[in-house]
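K.L.:
There are 2 protein chains.
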Amino acid sequence: MVTDWQSRAEAKRDAILKSLPEKWRLQKIPSAEEQKDVTGPYIQQFLDEQEVEITETDAVGIAEKVAAGTWSAVSVTEAFCHRASLAHQLVNCLHETFFDAALASAKELDHYYAQHKKTIGPLHGVPVSLKDQFHVKGVETTMGYVGWIGTFEGTKDDPRKGTFESEMVKELRALGAVLYCKTSVPHTLMSGETVNNIIGYTWNPKNRHICSGGSSGGEGALIGLKGSPGGFGTDIGGSIRIPAAFNGLFGIRPTSGRLPYEGMANSMDGQNSVLSVVGPLATTARSVKLLTKTILAQTPWLHDPLVVDMPWRDAEEQAVYDIVKSSSSKGQLTFAVMKSDGIVNPQPPVARAVAAVVEALTSAGHKVIEWKPPSHERLLAIALKTWVYDGGKDVHEAFGLSGEPLSTQIMSAYGEKPIKEFTASEISANNRDKRSFQKEYMDYWNSTAQETGTGKPVDGVICPVAPFPAARPEKYSYYGYSVFVNGLDYTSVVIPVTTSDKTKDQYEEGYKPINDEDKKVFENYDAEIYDGAHVSVQIVGRRYTEEKMLAIAEYVGGLIGK
Amino acid sequence: MVTDWQSRAEAKRDAILKSLPEKWRLQKIPSAEEQKDVTGPYIQQFLDEQEVEITETDAVGIAEKVAAGTWSAVSVTEAFCHRASLAHQLVNCLHETFFDAALASAKELDHYYAQHKKTIGPLHGVPVSLKDQFHVKGVETTMGYVGWIGTFEGTKDDPRKGTFESEMVKELRALGAVLYCKTSVPHTLMSGETVNNIIGYTWNPKNRHICSGGSSGGEGALIGLKGSPGGFGTDIGGSIRIPAAFNGLFGIRPTSGRLPYEGMANSMDGQNSVLSVVGPLATTARSVKLLTKTILAQTPWLHDPLVVDMPWRDAEEQAVYDIVKSSSSKGQLTFAVMKSDGIVNPQPPVARAVAAVVEALTSAGHKVIEWKPPSHERLLAIALKTWVYDGGKDVHEAFGLSGEPLSTQIMSAYGEKPIKEFTASEISANNRDKRSFQKEYMDYWNSTAQETGTGKPVDGVICPVAPFPAARPEKYSYYGYSVFVNGLDYTSVVIPVTTSDKTKDQYEEGYKPINDEDKKVFENYDAEIYDGAHVSVQIVGRRYTEEKMLAIAEYVGGLIGK
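If you're matching them up, the sequences are chains A and B in order.
If you use full-length UniProt numbering, the first sequence corresponds to residues 1 to 562, in order.
If you use full-length UniProt numbering, the second sequence corresponds to residues 1 to 562, in order.
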């Protein structure tokens with residue numbers, strides 16, 4: 001029997017597919033067994049030469065080419081609409097397309113350029129994709145909920161339906177960006193896999209046996225397939241960094257209050273112990289920087305009451321470049337490496353990627369010490385409580401709108417029905433515990449000044465984003481490596497390092513899992529399945545170090561050849 | 001019958017009094033009827049000439065004189081210990097004294113100076129008083145609770161008892177400040193009057209018929225009597241600004257996250273919808289600036305996980321000076337004035353002070369428009385909810401430790417016993433409402449760019465801190481003028497303007513109160529009682545505008561002769 005939610009979900013799924021121009025539809029979608037990797041040559045076969053050239057140029061390069069008059073905004077937009085259409089058919093990464101509106105903006109931009117002989121802003125003609133939490137006028141936001149179809153965040157007659165735009169969307173338009181699609185998310189947003197009852201499962205384009213990550217998994221997959229040069233996701237437990245890492249992209253999880261979240265849809269909105277933050281993912285570090293820096297140039301602190309009055313600080317960025325150019329030993333960067341958090345050890349490809357970054361940095365003359373922080377266990381317990389303060393009320397209400405079932409991934413976090421909510425006192429106690437842990441961690445970070453040899457504490461901490469290159473479906477069992485960063489509200493950048501290699505990446509003979517959680521991760525490793533998957537690391541910085549960490553991402557990316 | 005809490009309170013009260021050196025004890029304390037105003041000549045009679053000179057020099061002047069070698073840190077410390085001792089006897093403003101420790105630090109500072117021919121830091125030898133929320137080693141923190149006597153925040157065997165120091169205390173010591181006393185607060189901190197079962201009631205030294213304000217009321221009274229050149233209070237609903245205003249002082253309520261609150265005692269600690277903030281009060285604007293700027297120079301963001309990485313920004317301060325020096329009309333400052341919030345009208349002296357500031361600014365060539373913001377009623381309801389999220393659990397537990405009764409002022413806020421706590425969902429809803437109001441207010445602020453003639457929105461909003469010059473005992477009936485600033489998390493500076501004058505300050509003939517709340521304030525006005533009381537205003541700036549607002553405070557203070 002087809003229930004109401006099923007037919008509504010199917011209608012929406014069809015509508016997404018039908019929104020892709022007929023000329024760009026694929027006759028046949030190969031299975032993962034037939035075609036594991038759909039990036040590179042596979043997707044290129046459906047594009048012409050100029051489309052390939054455009055879509056394989058990064059956001060910075062596109063901005064330059066359009067500003068130079070080499071490419072029109074329209075031709076760039078068309079190329080990305082085409083490639084995004086292919087991407088969606090291959091891995092289910094889109095929730096909304098609005099190609100006509102995008103082409104109309106592109107035309108206006110070209111017209112402006114022709115008339116004024118200059119760009120409208122630093123993102124003039126650059127296509128930017130958006131996670132399906134951003135409100136864009138004339139476009140729906142479902143966030144993966146069947147019950148949100150045809151509504152504004154679940155409310156049918158809300159006057160904002162179809163007209164409201166998130167603050168960031170307004171700022172991107174003012175910068176000249178071309179908005180053209182919104183990307184898939186797991187319903188509730190609280191998963192490292194992207195799955196919902198509308199589009200199904202978003203697969204990893206580099207390896208369609210594994211997930212694209214989540215919750216900004218559509219962004220990860222789309223940008224991974226170069227169907228977008230860069231886009232914005234959000235991160236409350238790893239949701240920018242996980243898809244960036246799993247798709248071989250650069251990304252940043254800024255400190256809360258740096259970039260504007262104002263006017264976006266969210267889960268458990270109003271929970272303010274651990275805030276979700278918005279940030280960019282892109283194919284190059286310099287593109288992530290461009291997207292961060294240009295948004296800050298829009299003075300978001302005058303438009304979002306939670307944003308801090310802090311423009312892009314060139315001096316903080318330059319300080320990194322000055323150090324890496326200097327040859328003095330006092331002038332080196334210093335890092336710590338956390339090979340394991342002591343709770344779950346990373347699988348072999350991830351351990352190899354972490355080691356490769358350490359090796360690259362030490363070879364370049366920088367110092368890397370061991371990170372021995374206060375146990376993350378306490379912090380993870382604190383952070384995970386914030387996800388269930390309301391006992392699941394908010395997400396269960398959203399499911400209740402349509403009667404749709406929870407995915408297995410979400411069921412494991414939120415159960416079949418809401419449970420008892422936290423009281424104000426319990427929330428306060430958790431906030432105090434969190435602050436106390438943050439203080440302890442901060443003091444530990446300061447204490448590394450004794451070890452670095454520079455008299456200053458480490459500049460960043462190199463560690464995994466997840467214990468695996470990417471999770472296999474329904475096997476995302478451990479979030480500790482991403483969540484600790486949210487609990488501390490640190491700035492973190494993701495850097496792609498390598499790909500899994502079945503000939504190199506094996507657990508050592510007789511490996512003994514350190515506990516049950518580690519055992520799960522150990523048992524879910526399969527060198528054959530993972531072969532070819534992207535492997536990335538994150539470098540974690542202190543609060544409000546976006547300029548510094550992006551400079552480090554660019555530098556380290558260069559060192560390891562990305 | 002003398003109960004246990006009464007004898008414990010009395011013993012503590014006696015201990016405070018006995019901690020004042022015998023030589024500084026007053027034979028007789030005149031009643032308010034006998035001696036309304038104990039500032040100026042009255043208190044001076046008990047001091048020698050040099051003590052008067054030292055204690056009537058502001059913090060900046062003291063720092064200069066000590067740095068020049070004119071005064072020793074010891075002589076400065078002794079003078080302030082003496083004057084603070086007199087102050088406490090006259091108005092009950094101290095909870096703790098630690099003069100011996102202060103003199104020992106002063107001696108060390110003098111020794112350092114003699115040896116190195118330079119100061120240890122920019123506050124070398126400057127006495128700084130602290131509200132009784134700061135933990136200082138070897139000194140108790142009762143926060144006015146009988147049940148906290150002999151404990152660490154109510155816990156008897158806490159290892160931090162007697163040894164722990166708040167982050168700010170460490171930073172002040174590093175700057176060379178001399179710490180010597182902690183000042184009175186209302187139990188719970190949630191009152192604009194300072195009253196508790198230990199020290200009783202802290203009176204306004206300029207007019208002992210009225211209150212000294214709260215909750216940093218001991219700071220206000222002590223600095224008002226020049227028993228301290230400057231000190232630190234905290235503000236969650238006006239607690240820095242109210243005592244600053246009521247005692248003719250300058251003060252600043254910074255945006256949350258600017259100055260370090262780490263390691264301080266608090267009420268409802270962990271409630272994080274509206275955060276209490278720490279900030280200085282002093283006799284001059286430049287001293288408030290000195291205390292703010294020097295703390296920021298200690299990089300508190302490396303020691304307090306809630307502080308934002310934002311050093312003192314000279315450019316923001318200089319921009320104000322550049323504008324006021326410029327003669328161009330485009331270069332003027334622009335303000336808005338909120339003569340009334342539409343809920344309660346200010347009493348005549350306050351209305352006159354607001355008008356005087358507007359007149360001074362317009363005469364100096366600056367523009368002042370009318371402030372017509374979204375109704376504050378919504379915001380006040382949101383902010384007041386945050387005070388009772390836990391239904392009074394935290395404060396009732398503190399009272400329960402000793403069985404002491406609540407003061408009338410606190411009973412009206414927290415009742416006889418705890419009530420139902422807010423749930424996580426209710427707190428989230430309130431957080432969403434708050435953010436939405438903040439956004440609306442921010443947009444209104446931006447919109448004033450259309451009215452100012454400079455193309456920029458107003459630089460600040462001039463308005464009352466309270467509807468009265470100071471409250472009469474048990475008549476602090478309306479907090480709207482201070483609380484709206486906390487709800488919006490704006491930076492606000494207090495500027496003393498004038499004193500109440502019974503010959504000038506009368507309600508207009510036939511004044512009709514606009515509602516019941518206004519009626520209370522109207523009926524509580526008495527020109528005779530208020531005669532001579534300080535009258536102040538606040539100028540409210542946007543978030544994170546401490547440098548700008550302190551420059552404005554200094555400039556406006558100069559314009560009106562303070």
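Think of the CB as a built atom: it goes at the ideal place given N, C-alpha and C, for glycine as much as any other residue.
When the cut-off is 8 Å and only beta carbons count, does glutamine 438/A lie next to chain B?
P.N.:
Here the question's residue 438/A lines up with position 438 in the first sequence. Yes, contact with chain B.
K.L.:
Determine the direct distance from the alpha carbon of tyrosine 145/A to that of threonine 142/B, and round the result to whole angstroms.
P.N.:
In the second sequence, the residue the question calls residue 142/B occupies position 142. In the first sequence, the residue the question calls residue 145/A occupies position 145. Between threonine 142/B and tyrosine 145/A, the C-alpha separation is close to 52 Å.
K.L.:
How many angstroms separate the CA atom of alanine 282/A from the CA atom of valine 307/B?
P.N.:
As a first step, residue 282/A is located in the first sequence; it is residue number 282 there, counting from the start. As a first step, residue 307/B is located in the second sequence; it is residue number 307 there, counting from the start. Between alanine 282/A and valine 307/B, the C-alpha separation is close to 30 Å.
K.L.:
Opposite glycine 460/A in the DSSP bridges: which residues?
P.N.:
Numbered from its first residue, the first sequence carries residue 460/A at position 460. Beta-bridge pairing links glycine 460/A to Phe335/A.
K.L.:
Identify the residues that DSSP records as bridge partners of asparagine 92/A: which are they?
P.N.:
Within the first sequence, residue 92/A is the residue found at index 92, counting from 1. In DSSP, asparagine 92/A forms no bridge with anything.
K.L.:
Can you name the start and end residues of the alpha helix (DSSP H) that glycine 224/B belongs to?
P.N.:
Looking up residue 224/B in the second sequence gives position 224. Element bounds for glycine 224/B: 217-224.
K.L.:
Within the region 422-463 of chain A, note down every full alpha helix (DSSP H) run reaching 4 residues or more, in order along the chain.
P.N.:
Fully enclosed alpha helix (DSSP H) runs of 4 or longer: 424-447 and 449-452.
K.L.:
Using a 10 Å radius around the Cβ and a threshold of 16 neighbouring Cβ atoms, would you call leucine 290/A buried or exposed?
P.N.:
Position 290 of the first sequence, counted from the start, is the residue given in the question as residue 290/A. The residue in question, leucine 290/A, is buried, as its Cβ has 16 or more Cβ neighbours within 10 Å.
K.L.:
Determine the DSSP secondary structure at histidine 135/A, reduced to helix, strand or coil.
P.N.:
Looking up residue 135/A in the first sequence gives position 135. It is coil, neither helix nor strand.
K.L.:
Do valine 136/A and leucine 109/A count as a contact pair if the criterion is CB distance below 8 Å?
P.N.:
Locating residue 109/A in the first sequence gives position 109, where the first residue counts as 1. Locating residue 136/A in the first sequence gives position 136, where the first residue counts as 1. Cβ distance not < 8 Å, so leucine 109/A and valine 136/A don't count as in contact.
K.L.:
Taking DSSP's pairing of strands, which residues face arginine 253/A in a bridge?
P.N.:
Within the first sequence, numbered from 1, the residue matching residue 253/A stands at position 253. Answer is Ser492/A, bridged to arginine 253/A.
K.L.:
Does the separation of the CB atoms of glycine 233/A and leucine 175/A fall below 8 Å?
P.N.:
In the first sequence, counting from the first residue as 1, residue 233/A sits at position 233. In the first sequence, counting from the first residue as 1, residue 175/A sits at position 175. It is not a contact, given that the beta carbons lie outside the stated cut-off.
K.L.:
Taking the C-alpha atoms as reference points, what is the distance between aspartate 304/A and isoleucine 514/A?
P.N.:
Position 304 of the first sequence, counted from the first residue, corresponds to residue 304/A. Position 514 of the first sequence, counted from the first residue, corresponds to residue 514/A. Looking at the two C-alpha atoms, the distance is approximately 45 Å.
K.L.:
Could you list the residues in the region 243-273 of chain B with a C-beta less than 9 Å from some C-beta on chain A, going in chain order?
P.N.:
Flagged, chain order: Thr255, Gly257, Glu262, Gly263, Met268, Asp269, Gly270, Gln271, Asn272 and Ser273.
K.L.:
In the DSSP assignment, what residue or residues form a beta bridge with aspartate 235/A?
P.N.:
On the first sequence, residue 235/A is found 235 positions in, with the first residue counted as 1. Paired residue(s): Val277/A.
K.L.:
Taking the alpha-carbon positions, what's the lysine 156/A to glycine 150/A distance?
P.N.:
As a working note, residue 156/A is residue 156 in the first sequence. As a working note, residue 150/A is residue 150 in the first sequence. The alpha-carbon atoms of lysine 156/A and glycine 150/A are separated by roughly 7 Å.
K.L.:
Tell me serine 402/A's beta-bridge partners as DSSP assigns them.
P.N.:
By 1-based counting over the first sequence, the position of residue 402/A is 402. None; serine 402/A has no bridge partner.
K.L.:
Going along the chain, which residues of its own chain have a beta-carbon closer than 8 Å to the beta-carbon of isoleucine 223/B, five neighbours each way excluded?
P.N.:
Residue numbering aside, residue 223/B sits at position 223 when the second sequence is read from its first letter. Excluding residues within five positions, the ones whose Cβ falls inside 8 Å are Ser129, Pro229, Gly230, Gly231, Asn247, Leu249, Leu281, Ala282 and Thr283.
K.L.:
Taking only runs of the alpha helix (DSSP H) that begin and end inside the region 303-329 of chain A, which ones reach a length of at least 4 residues, in chain order?
P.N.:
For the region 303-329 of chain A, whole alpha helix (DSSP H) runs of length 4 or above, ordered along the chain, are 314-325.
K.L.:
So which residues on chain A does serine 425/B lean against when the C-beta distance must stay under 8 Å?
P.N.:
Against the second sequence, residue 425/B aligns to sequence position 425. By Cβ distance, chain A contributes Asp390, Lys393, Asp394 and Glu421.
K.L.:
Please tell me whether proline 305/A has its Cβ less than 8 Å away from any Cβ of chain B.
P.N.:
On the first sequence, residue 305/A is found 305 positions in, with the first residue counted as 1. Yes, because at least one Cβ of chain B sits closer than 8 Å to the Cβ of proline 305/A.
K.L.:
Taking aspartate 309/B as the query, report the chain A residues whose CB atoms sit under 7 Å from its CB, ordered along the chain.
P.N.:
Within the second sequence, the letter at position 309 stands for residue 309/B. Within chain A, the residues near aspartate 309/B are Arg543 and Tyr544.
K.L.:
By the criterion of Cβ-Cβ separation under 9 Å, what are the contact partners of leucine 189/A in chain B?
P.N.:
Taking the first residue of the first sequence as position 1, residue 189/A is located at position 189. The contacting residues do not exist; leucine 189/A stays about 15 Å from chain B at best.
K.L.:
Which two residues bound the contiguous alpha helix (DSSP H) that contains arginine 543/A?
P.N.:
Here residue 543/A is taken as the residue at index 543 of the first sequence, counted from 1. It is not in any alpha helix (DSSP H) - arginine 543/A carries neither H nor E in the DSSP assignment.
K.L.:
Going along chain B, which residues have a C-beta under 9 Å from leucine 302/A?
P.N.:
As a first step, residue 302/A must be located in the first sequence, where it is residue number 302. Within 9 Å Cβ-Cβ: Met442, Trp445, Asn446, Pro457 and Arg542.
K.L.:
Would you mind telling me which residues of chain B sit closer than 9 Å to asparagine 431/A, beta carbon to beta carbon, in chain order?
P.N.:
Locating residue 431/A in the first sequence gives position 431, counting from the first residue. Those are Asp269, Gly270, Gln271 and Asn272, listed as they occur along chain B.
K.L.:
Using a threshold of 8 Å, state whether the C-beta atoms of residue 564/B and alanine 79/B are closer than that.
P.N.:
What is shown of chain B runs 1 to 562, which leaves residue 564/B out entirely.
K.L.:
Less than 8 Å between the CB atoms is what I'm expecting for glycine 192/B and isoleucine 242/B, so what's the real figure, rounded?
P.N.:
Residue 192/B sits at position 192 when you count from the first residue of the second sequence. Residue 242/B sits at position 242 when you count from the first residue of the second sequence. Indeed, because the Cβ distance is near 5 Å, the residues count as touching under 8 Å.
K.L.:
Between serine 375/A and the rest of its own chain, which residues show a CB-CB distance below 8 Å, the 5 nearest in sequence each way excluded?
P.N.:
By one-based count along the first sequence, residue 375/A stands at place 375. Same-chain partners within the cutoff: Gly342.
K.L.:
8 Å is my cut-off, CB to CB: does arginine 352/A come that close to chain B?
P.N.:
Here the question's residue 352/A lines up with position 352 in the first sequence. Chain B, which has no Cβ nearer than 8 Å to the Cβ of arginine 352/A, makes this no.
K.L.:
Thinking just about the alpha-carbon of each residue, which of Val52/B, Tyr476/B and Ala355/B is nearest to the one in arginine 83/B?
P.N.:
As a working mapping, residue 83/B is identified with position 83 in the second sequence. Among Val52/B, Tyr476/B and Ala355/B, the Cα nearest to that of arginine 83/B is on Val52/B.
K.L.:
Round the Cβ separation of asparagine 266/A and serine 276/A to the nearest angstrom and send it over; I've been treating them as touching at under 8 Å.
P.N.:
Counting from 1 along the first sequence, the entry for residue 266/A is found at position 266. Counting from 1 along the first sequence, the entry for residue 276/A is found at position 276. The Cβ separation is near 6 Å, so the contact holds.
K.L.:
Less than 8 Å separating the beta-carbons of cysteine 93/B and proline 473/B?
P.N.:
Position 93 of the second sequence, counted from the first residue, corresponds to residue 93/B. Position 473 of the second sequence, counted from the first residue, corresponds to residue 473/B. Result no, Cβ atoms of cysteine 93/B and proline 473/B do not sit closer than 8 Å.
K.L.:
Between Leu20/A, Leu401/A and Ala59/A, which lies nearest to alanine 9/A when the distance is taken from Cα to Cα?
P.N.:
Counting from one through the first sequence, the residue named residue 9/A turns up at place 9. The shortest C-alpha separation from alanine 9/A is found at Leu401/A.
K.L.:
The alpha helix (DSSP H) that contains histidine 111/A, what's its start and end?
P.N.:
Counting from 1 along the first sequence, the entry for residue 111/A is found at position 111. Per DSSP, histidine 111/A belongs to the alpha helix (DSSP H) from 99-116.
K.L.:
Just checking: is the beta-carbon of arginine 435/A within a distance shorter than 8 Å of some beta-carbon in chain B?
P.N.:
Start at 1 with the first residue of the first sequence, and residue 435/A comes out as number 435. Judged by the 8 Å Cβ criterion, arginine 435/A is in contact with chain B.
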